[in-house]
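The numbers in the sequence shown follow our numbering, run straight up by one, and end at 548.
Here a beta-carbon is modelled for each residue, glycine too, at the ideal position from N, C-alpha and C.
Before any comments, here is the structure.
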Amino acid sequence: MLGNCIKKRLLIIALAMICAGSTMNLFAKEYLLGGKNGWPVFQKQYNITTGKGRFGYDCIQLASNSFVFDEYTDLLIDFEDAQMPVSDGDYTINRNNFQQTNQTKNEKAAGLSRNMGGLSISGKPGTFFGSEGLMGSFSIEFWLCPSIAENGEIVLNWESSKNEDGRLVFQVINGTFDKGHIKWELNNIFDMYLNAAGKNEVELKGSSKIIPDEWSYHVLSFDCETGILEYVVNGITEDITYITNERSEGGDVNLVYLGTPSELSICPEYTGILDDFRILRRPYSPPDFQSADNAGRIGHAQYLPVGGSFVTKPIMVSTGSVLNKLEAEMNIPSQTAVCYYVRSGENFYGWNDEYPEWKPIESGEDLKGITGLYFQVAVELMPDGNGEQTPAITSISLDFTELPEPLPPFVVKAVAGNGSVTVSWNYSVDDTAGGYYLYYGTRPGEYLGRMAIEGESPINVGNTSSYTVTGLENGKIYYFAVAAWSAYDMRVVGNLSKEVFARPLARLK
Numbered sequence: 040m041l042g043n044c045i046k047k048r049l050l051i052i053a054l055a056m057i058c059a060g061s062t063m064n065l066f067a068k069e070y071l072l073g074g075k076n077g078w079p080v081f082q083k084q085y086n087i088t089t090g091k092g093r094f095g096y097d098c099i100q101l102a103s104n105s106f107v108f109d110e111y112t113d114l115l116i117d118f119e120d121a122q123m124p125v126s127d128g129d130y131t132i133n134r135n136n137f138q139q140t141n142q143t144k145n146e147k148a149a150g151l152s153r154n155m156g157g158l159s160i161s162g163k164p165g166t167f168f169g170s171e172g173l174m175g176s177f178s179i180e181f182w183l184c185p186s187i188a189e190n191g192e193i194v195l196n197w198e199s200s201k202n203e204d205g206r207l208v209f210q211v212i213n214g215t216f217d218k219g220h221i222k223w224e225l226n227n228i229f230d231m232y233l234n235a236a237g238k239n240e241v242e243l244k245g246s247s248k249i250i251p252d253e254w255s256y257h258v259l260s261f262d263c264e265t266g267i268l269e270y271v272v273n274g275i276t277e278d279i280t281y282i283t284n285e286r287s288e289g290g291d292v293n294l295v296y297l298g299t300p301s302e303l304s305i306c307p308e309y310t311g312i313l314d315d316f317r318i319l320r321r322p323y324s325p326p327d328f329q330s331a332d333n334a335g336r337i338g339h340a341q342y343l344p345v346g347g348s349f350v351t352k353p354i355m356v357s358t359g360s361v362l363n364k365l366e367a368e369m370n371i372p373s374q375t376a377v378c379y380y381v382r383s384g385e386n387f388y389g390w391n392d393e394y395p396e397w398k399p400i401e402s403g404e405d406l407k408g409i410t411g412l413y414f415q416v417a418v419e420l421m422p423d424g425n426g427e428q429t430p431a432i433t434s435i436s437l438d439f440t441e442l443p444e445p446l447p448p449f450v451v452k453a454v455a456g457n458g459s460v461t462v463s464w465n466y467s468v469d470d471t472a473g474g475y476y477l478y479y480g481t482r483p484g485e486y487l488g489r490m491a492i493e494g495e496s497p498i499n500v501g502n503t504s505s506y507t508v509t510g511l512e513n514g515k516i517y518y519f520a521v522a523a524w525s526a527y528d529m530r531v532v533g534n535l536s537k538e539v540f541a542r543p544l545a546r547l548k
């Protein structure tokens, strides 16, 4: 008999040690954002996009300061959609021999031209190149990265004709490589204009050399208020003339007069990359955010100085969990920065931008006092001073501790009384158990009882090993189970014990 008791005790101790070991494994947890899991949909995000991070996973980085379609935009071609490079504008595609490439200046894609005809488009009525008659100001902007810069390569070409006093006049807007520069020719484009040679012809030419495999920002602009026609490269005016009757400042402006609408050819004979081609119905104005290279050339900053940010949705873990550390796999180029913030709570209803308070943290820092059923992460990304570099985050790992769920009692009994049942059990072998919940109901495995005088299921019976439930109906069977709650946080409840049952009866005396 003694031997059997010793064997039973050893078995209980062994089971307790095995279960305790599995419980300890529940302490350390990891929640991964990004990496092999991919990035979730964020609750909020501003000025960010995905790129390629470490190990080939998607990373979060700043979105490029690309051109946008606004009230002045007539046409925007950003090449983000391989099948439809025209992202905005009332133009149709006649021919598209561009290939999409990720060697881009802005966003994720650019257009690669292999001197095979480029892109030909036609404007619908109301667009700049789809209308006939007097036109106002305009600017044509684009980023260019040529593979070669051979003479005669054509970046832009538009040809049409107009009727002048019964005479058909040929019109041209043409941008061509000439000795390492781009030369612009505008013939019979401006109404009643004559140059010094008495012809309606204008030529503008860049002064800085266009270097193969380097991006440069180009603008051809006309201001109908002042008559200024200028060619801008990397933010610097390289050639300028006045389209006035006196060919100087202050004269009467000769306006643009376009004839029969015809197709616009973009890079019909060009080898290299083009990005963010845009036509605006206003003259050129310096971008809000600029950058300068080592040579002092000015252009659009690739990334906005205000940076970008994202906020995750509340991340549900388990009640009373403790966030120990946030660790990020990231690339932080010189002068760039990433700032992390976290907050937590047991219920995210009622959260807003200010509440609960965000706590600034560092990647890899040991954290204290961040507990709850929900964690939330906010991240700010900042570029370098010139707006040319972005940080990139491949993954964010949240290391947290879950409170262990205490083991249930191994032995449970139920004894029926008159309109009552007394349930008893052995104390849990788990020393994290702080008390017990008693579950009851009228169907096996369904503990939805509401009839007991002591309250509806489950009943918090405290740290005891026996409890009597009264107010039950004699002759009806009831089912019971017991679960332990944690001494660290009574909201953390362990698994249910085995089920027991009893049928209250009024005993005959």
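Less than 7 Å between C-beta atoms, sequence neighbours within five positions excluded: which residues of the same chain meet that for residue i?
| i | result |
| --- | --- |
| Met529 | Gly473 and Gly474 |
| Ala121 | Gln139 |
| Val531 | Thr358, Gly359, Leu442, Glu444, Trp524 and Ser525 |
| Pro422 | Leu101, Tyr342, Pro344, Gly346, Thr375, Gln428 and Thr429 |
| Asp113 | Gly128, Thr166, Phe167, Ile318, Leu319 and Arg320 |
| Gly219 | Ala188, Lys248 and Ile249 |
Where does the unbroken beta strand (DSSP E) through residue i begin, and where does it stop?
| i | result |
| --- | --- |
| Val345 | Note, Val345: premise wrong, no beta strand (DSSP E); not H, not E. |
| Met355 | Ile354 to Asn370 |
| Trp197 | Ile193 to Glu203 |
| Val295 | Val295 to Leu297 |
| Phe519 | Tyr517 to Ser525 |
| Gly150 | Ala149 to Arg153 |
| Asn502 | Where Asn502 is concerned, there is no enclosing beta strand (DSSP E), given that its DSSP letter is neither H nor E. |
| Ala545 | Ala545 -> no beta strand (DSSP E), and no H or E assigned at all. |
| Lys452 | Val451 to Gly456 |
| Gln210 | Arg206 to Asp217 |
| Trp223 | His220 to Asn226 |
| Ser126 | Val125 to Asp127 |
For residue i, count neighbouring C-beta atoms within 10 Å of its own C-beta (all shown protein chains included) and say buried if the count is 16 or more, exposed if not.
| i | result |
| --- | --- |
| Gly266 | buried |
| Tyr323 | buried |
| Ala102 | buried |
| Phe519 | buried |
| Thr215 | buried |
| Ser330 | In this predicted model, Ser330 has a pLDDT of only 48, less than 50, meaning its place in the structure is not dependable; the value taken from the coordinates is given anyway. That one is buried. |
| Val521 | buried |
| Ser287 | exposed |
| Glu180 | buried |
| Gln415 | buried |
| Met40 | Confidence is the limiting factor: at Met40 the pLDDT is only 42, short of 50, which leaves the residue's position unreliable and the question unanswerable from this model. |
| Ser246 | exposed |
| Met231 | exposed |
I'd like the list of long-range same chain contacts for residue i, defined as Cβ closer than 6 Å, with 5 residues on each side in sequence excluded.
| i | result |
| --- | --- |
| Tyr85 | Gly347 and Ser348 |
| Pro372 | Gln428 |
| Ala59 | Since pLDDT at Ala59 reaches only 39, below the 50 mark, its modelled position is unreliable, and no value is offered. |
| Gly424 | Gln374 |
| Asn534 | Pro447 |
| Ile29 | Because the chain is modelled from 40 through 548, residue 29 falls outside the range shown and cannot be assessed. |
| Lys4 | For the chain, the structure presents residues 40 to 548; residue 4 sits outside this window and is missing. |
| Asn226 | Val211 and Glu240 |
| Ile116 | Pro124, Val125 and Phe316 |
| Thr89 | Asp97 |
What residues match up with residue i in a beta bridge as DSSP calls it?
| i | result |
| --- | --- |
| Gly311 | Ser152 and Pro185 |
| Asn135 | Leu158 |
| Asn190 | Answer is none; Asn190 lacks a bridge partner. |
| Met174 | Val295 |
| Ala67 | Thr440 |
| Val532 | Trp524 |
| Glu240 | Asn226 |
| Ser304 | Ser159 and Asn196 |
| Tyr256 | Trp182 |
| Leu319 | Thr112 and Ser178 |
| Tyr130 | Gly162 |
| Ala376 | Met421 |
| Thr140 | Ala149 |
Give every residue of the same chain whose Cβ lies closer than 8 Å to the Cβ of residue i, excluding the five residues on either side of it in the sequence, and list them in chain order.
| i | result |
| --- | --- |
| Arg489 | Glu495 and Ser496 |
| Asn154 | Glu192, Glu308, Tyr309 and Thr310 |
| Leu511 | Gly458, Ser459, Val460, Met490, Ala491, Tyr517 and Pro543 |
| Asn136 | Ser152, Arg153, Met155, Gly156, Gly157 and Leu158 |
| Ile400 | Leu365, Tyr379, Tyr380, Val381 and Leu406 |
| Gly484 | Tyr518 and Glu538 |
| Ser170 | Gly162, Pro164, Leu297 and Pro300 |
Exercise. Considering only residues of the stretch 378–434, which uninterrupted beta strand (DSSP E) runs meet the minimum length of 3 residues and lie entirely inside it, listed in chain order?
Worked result: If we require 3 residues or more, the beta strand (DSSP E) runs fully inside the stretch 378–434 come out as 398–400 and 410–421.
Problem set entry | In chain order, each beta strand (DSSP E) run of at least 3 residues that lies wholly inside the stretch 460–502 | As far as the stretch 460–502 is concerned, its whole beta strand (DSSP E) runs of at least 3 residues are 472–480 and 498–501.
For this session: With a floor of 3 residues, list each beta strand (DSSP E) that falls wholly inside the stretch 70–121, ordered by position along the chain.
Result: DSSP runs (the beta strand (DSSP E)) wholly in the stretch 70–121: 83–85, 87–91, 97–101 and 112–116.
Exercise. Unbroken beta strand (DSSP E) runs of length 3 or more, entirely within the stretch 259–290: which are they?
Worked result: As far as the stretch 259–290 is concerned, its whole beta strand (DSSP E) runs of at least 3 residues are 267–272 and 275–281.
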